[in-house]
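>
Numbering (our numbering), first residue to last: 10 to 96.
(1) Can you check whether the CB of residue 42 is closer than 8 Å to the CB of residue 29?
(2) Please report how far the alpha carbon of residue 82 lies from the alpha carbon of residue 33, in whole angstroms.
(3) So, with DSSP's three-state summary, where would you put residue 34?
(4) Do residue 70 and residue 62 have their C-beta atoms closer together than 8 Å?
(5) Look at residue 77 and residue 66 and say whether their C-beta atoms are less than 8 Å apart.
(6) Is it buried or exposed for residue 47, if we count other Cβ within 10 angstroms and need 16 for buried?
(7) Measure the alpha-carbon distance for residue 74 versus residue 10 and round it to whole angstroms.
Written out as structure tokens, the structure is:
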């Protein structure tokens with residue numbers, strides 16, 4: 010019974026974070042929502058006793074792809090207007 014409730018809770022977190030990735034306008038927040046969705050998907054793998062896919066999910070997708078997206082957002086983001094950047 011508790012496993013079913015936990016599975017449904019993490020499924021709701023996954024779907025909510027996936028909607029957050031699509032609906033939010035800020036790329037930094039979208040990357041955070043993507044991390045939440047991928048993390049809860051890794052929890053699903055652990056609950057299904059598939060530890061190797063869970064480890065690969067954490068290492069490759071959360072560790073690699075999310076860090077790459079974070080660096081891309083941080084390096085391309087400017088808060089100043091374009092005229093003030095080069096002056």
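Using N, Cα and C, we set each Cβ at its ideal position, and we do this for glycine too.
Remember, predicted model here, so these are calculated numbers, not experimental data.
Working from what's here:
(1) Result yes, Cβ atoms of residue 29 and residue 42 sit closer than 8 Å.
(2) Going from the Cα of residue 82 to the Cα of residue 33 covers about 14 Å.
(3) The answer is coil: DSSP assigns residue 34 none of H, G, I, E or B.
(4) It is not a contact, given that the beta carbons lie outside the stated cut-off.
(5) Taking 8 Å as the cut-off, the beta carbon of residue 77 is found no closer than this to the beta carbon of residue 66.
(6) Result: buried.
(7) Taking C-alpha positions only, residue 74 is separated from residue 10 by approximately 35 Å.
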